[in-house]
Each structure stands twice: as structure tokens, then as C-alpha cells.
Amino acid sequence: MKLFSSGSNSKDIARERLKLVLIHDRANVSPQLLEMLKTEIIKVISNYMEVQVDELDIQLTRIKNSEGDRTISALVANIPIRNVRCAEK
25 MKLFSSGSNS
35 KDIARERLKL
45 VLIHDRANVS
55 PQLLEMLKTE
65 IIKVISNYME
75 VQVDELDIQL
85 TRIKNSEGDR
95 TISALVANIP
105 IRNVRCAEK
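Spelled out as C-alpha cells, the structure:
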């Protein structure tokens, strides 16, 4: 999500905010919690890879489980990777 990136016009900011509200409604998760999850995911992945933060898309959605008898939450992340960092051991 590009909520706080520079160069965003008001239309893009409004769209991102609406996405957060819809995610909250669908998955019963506050926009603040989703933003904290996003920040932590970026922090951890950045230890191993260089990612394009401005192209990052994280969504929390509701899907039917494999048996189809109940709905579960699913975290879907699209994280473009620029480069993999060398392992240091």
C-alpha cells in the first residue's frame, strides 16, 4: 500500500484509505493493526531481500476453508523483490 509515499495525489490516498476500511470490515482487523503488520513484514523481509516498498500490497481477506464449511481470514502479500541479500554466516 502506498498510503504515505511521496507524490501520491489525493485520489490515490483516498483509494488506499478506502482499501484499509474495507479490509477492516471484511476481516475484523483495525487499519492500525494492518499497518503494524505491514511494517513488521517489511522489516523482517528487508533483512534478507531488498524490496520495493512503494509497490508492496498486503491484504487481509476472507476465504472459505478447504471443506467449505466456514470462512477464514487469509493474509495475501505481493512484495516485489529488487535483490536478494547475501547470507552472512
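Going left to right, the sequence shown walks through residues 25 to 113 as the working numbering numbers them. Here a beta-carbon is modelled for each residue, glycine too, at the ideal position from N, C-alpha and C.
Only counting the same chain, and skipping five residues up and downstream in sequence, which positions put a Cβ closer than 7 Å to that of residue i?
{"i": "residue 89", "result": "96"}
{"i": "residue 77", "result": "66"}
To the nearest whole angstrom, what separates the beta carbons of residue i and residue j, a pair I think is in contact under 8 Å?
{"i": "residue 65", "j": "residue 37", "result": "Residue 65 to residue 37, Cβ: 21 Å. No contact."}
May I ask which residues mark the beginning and end of the alpha helix (DSSP H) holding residue i?
{"i": "residue 64", "result": "55-70"}
Along the beta strand (DSSP E) that carries residue i, what are the first and last residues, could you check?
{"i": "residue 86", "result": "81-88"}
{"i": "residue 117", "result": "This structure gives no information on residue 117, because the portion of the chain shown stretches from 25 to 113."}
{"i": "residue 107", "result": "105-108"}
{"i": "residue 75", "result": "73-75"}
Measuring CB to CB, does residue i end up less than 8 Å from residue j?
{"i": "residue 68", "j": "residue 103", "result": "no"}
{"i": "residue 53", "j": "residue 84", "result": "yes"}
{"i": "residue 98", "j": "residue 105", "result": "no"}
Here's a check: name, in chain order, each residue in its chain whose Cβ is nearer than 6 Å to the Cβ of residue i, leaving out the five neighbours to either side.
{"i": "residue 80", "result": "103"}
{"i": "residue 41", "result": "none"}
Sorted by chain position, which residues of the same chain lie with C-beta nearer than 8 Å to residue i's C-beta, five sequence neighbours on each side aside?
{"i": "residue 71", "result": "109"}
{"i": "residue 39", "result": "none"}
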